[in-house]
Amino acid sequence: MVENRVVITGIGVISPLGFNKETAWKALKEGVSGISTIENTDTSDLKVKIAGEIRNLEADVDLDKTELRKLDRFSLFALAAAKEAYADSDFANAAIDPYRFGVYVGSGIGGSNL
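Listed below in structure tokens is the structure:
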């Protein structure tokens, strides 16, 4: 059996607690909650009125305005977190085989518009 090695070299975070790993980690350690009253969606027909929303993110994802208009919010969050993870990896100036490099994205409910 062939074993494939995986190395995590960088981390990127977009969360209700912060838009980078340092800010989010500090908030977690301090016990800050990212849950509050929902503002981005009309909740009049919903039983749930609270959530962990991403607010006021102005992500620099190196895309022109035409490309940005094609993205939903979750895709923008994923690109911003991936860009942070790449910068965090210190690989920006390294010669990397693009076929041996990847990004893993995790989300609790990304891409859903209530």
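Its first residue numbered 1, the sequence shown is counted upward by one per residue in the UniProt record's numbering. We put the beta carbon where it would ideally sit given N, CA and C, even for glycine.
Contact under 8 angstroms by Cβ, residue i with residue j
{"i": "residue 193", "j": "GLY12", "result": "Coverage of the chain is limited to positions 1 through 114, which leaves residue 193 absent and any answer about it impossible."}
{"i": "GLU39", "j": "ARG55", "result": "yes"}
{"i": "ILE14", "j": "ALA94", "result": "no"}
{"i": "VAL105", "j": "ALA82", "result": "yes"}
{"i": "PHE19", "j": "LEU57", "result": "yes"}
Cβ neighbours of residue i in the same chain (closer than 6 angstroms, five flanking residues each side left out)
{"i": "ALA85", "result": "GLY10, ILE11, GLY12"}
Cβ shell of residue i (< 7 angstroms), same chain only, five flanking positions each side left out
{"i": "residue 117", "result": "As shown, the chain starts at 1 and ends at 114. That puts residue 117 outside it, with no answer to give."}
{"i": "GLY53", "result": "Just to set this straight, residue 53 is Glu in the shown sequence, not Gly. Taken in chain order, the residues that qualify are PRO16, ILE38, GLU39, ASN40."}
{"i": "SER36", "result": "ILE50"}
{"i": "SER89", "result": "THR9, GLY10"}
Cβ shell of residue i (< 8 angstroms), same chain only, five flanking positions each side left out
{"i": "VAL103", "result": "ALA82, ALA85, TYR86"}
- Item | Continuous alpha helix (DSSP H) assignments of at least 4 residues falling wholly in the UniProt domain "Beta-ketoacyl synthase-like N-terminal" (4-111) | 21-29, 65-69, 73-88
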